[in-house]
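Sequence positions in the sequence shown follow the numbering used here and run 149 to 387. By construction, the Cβ of each residue, glycine as well, lies at the ideal position given by its N, Cα and C atoms. What follows is a single structure, written as C-alpha cells, with notes after it.
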Amino acid sequence: MPGDLAAAIGWWRDAGVDLHFTDEPRDWLERPDAAAKSGPAPVAAPPPPPEPEPERIGGDPAELPATLPEFTTWWLTEPSLDHGMTERRVPPRGPAKAPLMVLVEQPDSNDEAELLSGPQGQVLNAILGALGMDPAQVYVAACLPRHTPLPDWPALAAAGLGQVLAHHIALAAPQRLLLLGSNISSLLGHDPAKSADPLTHFNHGGAIWSALTAPGLDILGARPRGKARLWQALLDWTG
C-alpha cells in the first residue's frame, strides 16, 4: 500500500500537479493569530422600534365642541391640550362675531384669570385704541391654553393643534384675523418654506378670513420700529 500511494503521488507530480487545492477560500495575508483574537463576526443590532404616534390633540375632529361657550369650557379642561395639565390655563375673551380676532401664541407668564392682563395686553390695547376699536369688543385668544416655555411648535402642529385652532376661529366667526406671533401661520397651514409671502387669507370650512401676520406682542413692546411697521400695515389692511 505505501508503494501504491507513492506511485500515485509520483504520477500526479509527473502530470504537473504539485500543489494542494481546496474549495474553501482563505485569506493568505491574515496573521495566524488574527482569527482567534477577532472571534465570531458581530451580529447586527436590530433596527430601533418606530417612533410612537403623537397624542392627537382634541381627539376626533367630529367631537370638538359645537359652540363657543362649550369650546371655552373644553379649552380649560381637555387633557390632550397640555399632556393632562390643567393648572393656570387661561380662557379666551371677547364676543363672538367680533370685528377683529387677535390671536397670540400663548398667554403671558403672569396671566391667570384673564388673557393678556399685563404689559402685553397694554401694548395690544394701545394698538386697538389707535385703530378706534374698543378692546372689549375684540375677541382675543391664544394658541396654547397656558404659558409654556419653549413650546415645540412643529410637534404641536403634527399633533393637530392647527386643527383645533381652525375650529376655534370658525366658532368665534370674526370679521378679520390679526395673528401676533411667528409660529401661528404655520399652524394654520401656511408653509414659509414654500412661500415667503405672509399669510393674508385663511380658509376653513368654506369660510375665508382676511388675515394680517405680525411679530408677537413681547417683540413689539421692545421695538418701537416694529410698532411703527405694524401700524402702517394695519392702515393698509383696514383701508
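DSSP beta-bridge partners for residue i?
i, result
"M249", "Y287 and L325"
"T361", "L327"
"N258", "For N258, which the question treats as bridged, DSSP gives no partner whatsoever."
"I356", "N351"
"R294", "Its beta-bridge partners do not exist; DSSP assigns none."
"R377", "Answer is none; R377 lacks a bridge partner."
"R241", "V288"
Could you give the distance in angstroms between the alpha-carbon of residue i and the alpha-carbon of residue j?
i, j, result
"T348", "P217", "28 Å"
"L304", "R373", "31 Å"
"P194", "D300", "30 Å"
"A214", "L319", "8 Å"
"S358", "I205", "26 Å"
"I332", "P196", "34 Å"
"L264", "D208", "30 Å"
"A321", "E211", "19 Å"
"W379", "G364", "14 Å"
"H338", "L298", "21 Å"
"A370", "G232", "34 Å"
"I356", "L383", "21 Å"
"D345", "R377", "16 Å"
"T221", "D230", "15 Å"
"P173", "R161", "24 Å"
"P302", "S334", "9 Å"
"F219", "P239", "10 Å"
"A192", "L272", "59 Å"
To which residues of the same chain is residue i closer than 7 Å at the C-beta, ignoring the five residues directly before and after it?
i, result
"L336", "G310, L313, A314, L347 and F350"
"T225", "T234"
"G353", "A318"
"E203", "S228 and A307"
"R241", "E262, L263 and V288"
Figure out for me which residue from the options has the closest Cα to the Cα of residue i.
i, options, result
"A274", "K375, A381, T386 and L383", "K375"
"R237", "G266, L292, S228 and A192", "L292"
"P283", "L248, L327 and P173", "L248"
"G394", "R324, W223, D230 and L298", "The displayed coordinates of the chain run from 149 to 387. Any statement about residue 394 would go beyond what the structure contains."
"A246", "V288, A370, L298 and I367", "V288"
"E262", "A192, R161, A290 and L382", "A290"
"W385", "P239, R241 and L279", "L279"
My assumption, with CB atoms under 8 Å, is that residue i sits in contact with residue j. Please give the rounded CB distance.
i, j, result
"H295", "P255", "5 Å"
"G329", "V252", "6 Å"
"Q285", "P243", "6 Å"
"D366", "Q270", "12 Å between Cβ atoms; not a contact."
"L326", "V250", "5 Å"
Please return the same chain residues whose Cβ sits closer than 8 Å to the Cβ of residue i, not counting the five positions on each side in sequence.
i, result
"G266", "D256, N258 and D259"
"M281", "P247 and L248"
"A381", "L360 and A362"
"G277", "P283"
Comparing the C-beta of residue i with each C-beta of chain D, is any distance below 7 Å?
i, result
"G280", "Annotation note: the requested chain D is absent from the structure, which comprises a single protein chain."
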